[in-house]
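Residue numbers (our numbering): 1447 to 1787.
See below:
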């Protein structure tokens, strides 16, 4: 696309109406989540026919959409859960789990696509007439991050093709073994051989980078998490977004891997499970704090921090307070919530 129409590419994360705690929420409404949900995924849609997915307890989808002038726009939206799933706690909107960051490189992917593998809009991929190769990239192999894959209907379609990539699974025998391991008796009744799509598995070295079509570069970094995890940075047309979870920091020692990955990024989506106070009793659990996210982003000259991967014990009232404190600490911090773009 170089040499043609100038590309206008921006990060749009304007917040919707403020979160208002509510003791009464309609059960099953879009946006509600439960801690028991195991089908969670973060996706970076990299180009019209390839998507890059890194699984997570939170959902983030990076897409790009053509503007009227012929350029492109990167925008973000936070989504909740499908209507058929129920919320166990009344004072929780579900903002702590499901996040989608959208943007679209050429606009050929359906706007209705959502990050959740079992979300109705994701299932619509299976019904699409245009079957495009996809590249799911996994952040790490813990079951709460990958066991939505057996329920992803397009992977059972013989006309679909996938290249599933991971940068942390070699010591466990590779990403194929990780995926197949959860699809064995008595864990799951359907074996990996039932996936009729053309599925290829590839393990890459963390710390390197690779390119997709249309000038999209993916950089990776090792994260501090039990059994390992991979952070990602997507660069396109002079703009960038980073996905950094799951990871645990060491107090007083900024993670150099993360600083190198996020330097100068427009948007960083960071594992903000705890507060600094809570963290001291959670050392070794593999997660970080929103305050550490702020400190890292300030040190790396990041424009916007998206506080996400919220602790399920943090209800809406708690998150309202977190956002207020974060804005005082650094105006570039926002709390991911349902409906955010």
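Quick reminder that beta carbons are idealized off the backbone N, C-alpha and C, glycines included.
*According to DSSP, is residue 1488 helix, strand or coil?*
Legend: pLDDT at residue 1488 = 30, less than 50; position of this residue unreliable, value from coordinates given subsequently. DSSP, read as helix, strand or coil, puts residue 1488 in strand.
*Compare the C-alpha of residue 1783 against each of 1773, 1775, 1776, 1765 and name the closest.*
1765
*From 1647, 1674, 1653, pick the residue whose C-alpha is nearest to that of residue 1587; which is it?*
Minimum Cα distance to residue 1587 is reached at 1674.
*asked:* Distance check for residue 1635 and residue 1646, CA to CA, integer angstroms please.
replied: If I take the Cα positions, the gap works out to 22 Å.
*Extent of the continuous alpha helix (DSSP H) to which residue 1641 belongs*: Under the DSSP assignment, residue 1641 falls outside any alpha helix (DSSP H); it carries neither an H nor an E label.
_For residue 1611, the nearest candidate out of 1618, 1649, 1716 (CA to CA)_ = 1649
*Hey, how far is the Cα of residue 1739 from the Cα of residue 1666?*
Using only the alpha carbons, I get a separation of about 18 Å.
*Beta-carbon separation of residue 1668 and residue 1614 under 9 Å?*
Taking 9 Å as the cut-off, the Cβ atoms of residue 1668 and residue 1614 count as close.
*For residue 1604, I'd like the list of residues in its chain whose CB is within less than 6 Å of its CB, leaving aside the five on either flank, ordered along the chain.*
1642
_Among 1712, 1721, 1781, whose alpha-carbon lies nearest the alpha-carbon of residue 1747?_
1712
*Assign residue 1639 to buried or exposed, taking buried as 16 or more other Cβ atoms, counted over all protein chains shown, within 10 Å of its Cβ.*
exposed
*residue 1590 in three-state terms, based on DSSP*: helix
*Span of the beta strand (DSSP E) holding residue 1688?*
Run containing residue 1688: 1685-1690, per the beta strand (DSSP E) assignment.
*asked:* Suppose you measure from the CA of residue 1777 to the CA of residue 1606; what does that come to, to the nearest Å?
replied: 44 Å
*asked:* Taking its Cβ as the centre, do 16 or more other Cβ atoms sit within 10 Å of residue 1736, making it buried, or is it exposed?
replied: buried
*So which of 1703, 1658, 1721, 1661 has the shortest CA-CA distance to residue 1677?*
Cα-wise, what sits closest to residue 1677 is 1703.
_Cβ pair residue 1582, residue 1608 closer than 9 Å_ = Cβ distance < 9 Å, so residue 1582 and residue 1608 count as in contact.
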